[in-house]
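Okay, structure first, notes after.
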Amino acid sequence: MKPNIKIRCADKYEAQKLCSMVLVKGNTYIISVLNIIRNEMIVSLKDGSAHSIVLHDTIEAEKLAAHMQYVFDGTHYISGAEIVHSNTVLLQLSHI
26 MKPNIKIRCA DKYEAQKLCS MVLVKGNTYI ISVLNIIRNE MIVSLKDGSA HSIVLHDTIE
86 AEKLAAHMQY VFDGTHYISG AEIVHSNTVL LQLSHI
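The opening residue of the sequence shown carries number 26 in this note's numbering; numbering runs sequentially from there.
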């Protein structure tokens, strides 16, 4: 069974941005979380650039960072990402 995690973003644009960064051709493009400032998560991408994702609140930012850490550690991978409401992203995590 795959765990599904819903992440609420600040708006539709931020949800689209998260989906485009988190899953590209079956792999996440995000390589690390650089910082969390209230509801904003700063991430580093494979191309060396840094970007922010504005989430609904601090709890959502911390929840996403915690689940991404499992991906960075190699215990999980993201098998799916889709926008299920205008500002909510459904992430499907699978065990490696």
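The C-beta atom is built at its ideal place from N, Cα and C for all residues, glycine as well. As the structure is a prediction and not an experimental result, all values here were calculated from the model.
Listed in chain order, the non-local C-beta contacts of E39 below 8 Å within the same chain comprise I78, V79, L80 and N112, local neighbours out to five positions each way being set aside. Residue environment for V109: exposed (fewer than 16 other C-beta atoms within 10 angstroms of its C-beta).
Excluding its 5 nearest sequence neighbours in each direction, T53 has C-beta neighbours in its own chain below 7 Å: V47, V96 and I103, listed in chain order. Under the three-state reduction of DSSP output, L70 falls in the strand class. Closest option to V114, judged by alpha-carbon separation, among I121, I62 and A106: A106. Excluding its 5 nearest sequence neighbours in each direction, E85 has C-beta neighbours in its own chain below 8 Å: I32, R33, C34 and N64, listed in chain order.
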